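The sequence shown begins at 1 in the UniProt record's numbering and counts up by one. Virtual Cβ for every residue (Gly too), placed ideally from N, Cα, C. Only a predicted model underlies this, so the values are computations on that prediction, with no experimental measurement involved. Some notes on the structure that comes next.
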Amino acid sequence: MSQTWEGADPPDLPPIDALGWLLVALRAPVMVVVIFGCLGLLLLARLIERPLFGARRPVTPLITQFVCRTVLVIMGLPVEVRGQPMTGPGAVVANHTSWLDIFVLNSRKTIYFVSKAEVSGWPGIGWLARATGTVFINRDRREARAQTEVFEDRLLQGHRLLFFPEGTSTDGLRVLPFKTTLFAAFFSDKLRHQMQIQPVSVVYHAPPGTNPRFYGWWGEMEFGPSLLRILAQRRQGRVVLVYHPALRVDDYANRKSLARALETQVQDGHIAELGPLDPEMS
Numbered sequence: 001m002s003q004t005w006e007g008a009d010p011p012d013l014p015p016i017d018a019l020g021w022l023l024v025a026l027r028a029p030v031m032v033v034v035i036f037g038c039l040g041l042l043l044l045a046r047l048i049e050r051p052l053f054g055a056r057r058p059v060t061p062l063i064t065q066f067v068c069r070t071v072l073v074i075m076g077l078p079v080e081v082r083g084q085p086m087t088g089p090g091a092v093v094a095n096h097t098s099w100l101d102i103f104v105l106n107s108r109k110t111i112y113f114v115s116k117a118e119v120s121g122w123p124g125i126g127w128l129a130r131a132t133g134t135v136f137i138n139r140d141r142r143e144a145r146a147q148t149e150v151f152e153d154r155l156l157q158g159h160r161l162l163f164f165p166e167g168t169s170t171d172g173l174r175v176l177p178f179k180t181t182l183f184a185a186f187f188s189d190k191l192r193h194q195m196q197i198q199p200v201s202v203v204y205h206a207p208p209g210t211n212p213r214f215y216g217w218w219g220e221m222e223f224g225p226s227l228l229r230i231l232a233q234r235r236q237g238r239v240v241l242v243y244h245p246a247l248r249v250d251d252y253a254n255r256k257s258l259a260r261a262l263e264t265q266v267q268d269g270h271i272a273e274l275g276p277l278d279p280e281m282s
């Protein structure tokens, strides 16, 4: 995320009860062992993978995918998939609700996230991001040329990059306007005639009887309390991933028209699954 969305007040959620804390005590240690145990395995595998394959990663993304699927199972959060992930070179864009998106999107397809540079220095999360091949950038127009070169290098090596054009997470009930800056990289001479971008709608259905914004993460919310609340939930909701048809970059005149077309598909998929935004939640 590049900034924090402040468009709505956080939901008033009940405190974690005794059973919830028991679930946290059961789930959290298993999750830590899976994540950091597999991180060690991934780093060892990378020591062999890097000399043999260079920037290509035929093995380690499978470990990442296993970790993400396992973490979601530990949480008890099911993922439903609609549509087909694209094949061939290109990128993916999606709406952004929560830190959960990283696990959900990584669990279904090999992708490499594009993230703001500050994340690389975050304890724990930064280590995981670097180990799994995340692309770190500064959202600064003055660095547009350097960003284009990074995108060209990774995409032409067959890496499928994923970024969140909204530039922030939300309450999960809406899709914010897409920022267009990063789309400029796809119009370079090396990319525009062979790249495609697939829009994905990520839609969270809250657990029965809870606030519809249960899975959202925005404003001044902190990661720790959000994680604890989800681990303490005895009955989870579900996540729906809607993979829309990929769009070819050279079918569009510029970054703004491409971003608008992608935003429309993500927005339409979100509304079709969750329904129009309740005016009281706007």
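Delimiting residues of the beta strand (DSSP E) encompassing residue i
i    : result
E80  : 79-82
L161 : 161-163
Q196 : 196-205
I137 : 135-137
V93  : 91-94
V114 : 112-116
Buried/exposed call for residue i, threshold 16 Cβ in 10 Å
i           : result
R238        : exposed
R137        : According to the sequence displayed, residue 137 carries Ile and not Arg. The residue is buried, with at least 16 neighbouring Cβ atoms inside 10 Å.
residue 291 : Residue 291 falls outside the range modelled here, since the chain spans only 1 to 282, and no answer is possible.
Q157        : exposed
P61         : buried
L105        : buried
Q196        : buried
F186        : buried
L52         : exposed
L100        : buried
D9          : exposed
Bounding residues of the alpha helix (DSSP H) (the contiguous stretch that carries residue i)
i           : result
I271        : 255-274
V240        : Premise fails: V240 lies in the beta strand (DSSP E), 238-243, not in any alpha helix (DSSP H).
S226        : 223-231
F127        : For the sequence presented, residue 127 should be read as Trp rather than Phe. 125-131 is the span of the alpha helix (DSSP H), which, as asked, contains W127.
L39         : 18-53
N106        : 100-106
residue 283 : Because the chain is modelled from 1 through 282, residue 283 falls outside the range shown and cannot be assessed.
Reference residue i; option with closest CA among the options
i    : options                : result
R248 : A261, Q236, V242, L241 : A261
F113 : F151, P85, R145        : F151
R69  : T110, P51, T87, E49    : T110
A246 : V93, C38, I125, L26    : V93
T181 : A206, D12, T148        : T148
V71  : A28, V59, R82          : A28
L23  : D251, M281, I271, I230 : I230
Beta-carbon proximity check, residue i vs residue j, cutoff 9 Å
i    : j    : result
V242 : G269 : yes
Q265 : P165 : no
P194 : G76  : Sequence check: residue 194 is Gln here, not Pro. Cβ distance not < 9 Å, so Q194 and G76 don't count as in contact.
I16  : A232 : yes
L173 : L39  : no
S115 : A129 : yes
R160 : P89  : yes
S107 : V79  : yes
Beta carbon proximity, residue i to chain C, threshold 9 Å
i   : result
L77 : No chain C appears in this structure, which consists of one protein chain only.
Checklist entry - Would you call the segment 242-261 and the segment 45-64 touching, i.e. three or more CB-CB distances under 8 Å? => result no
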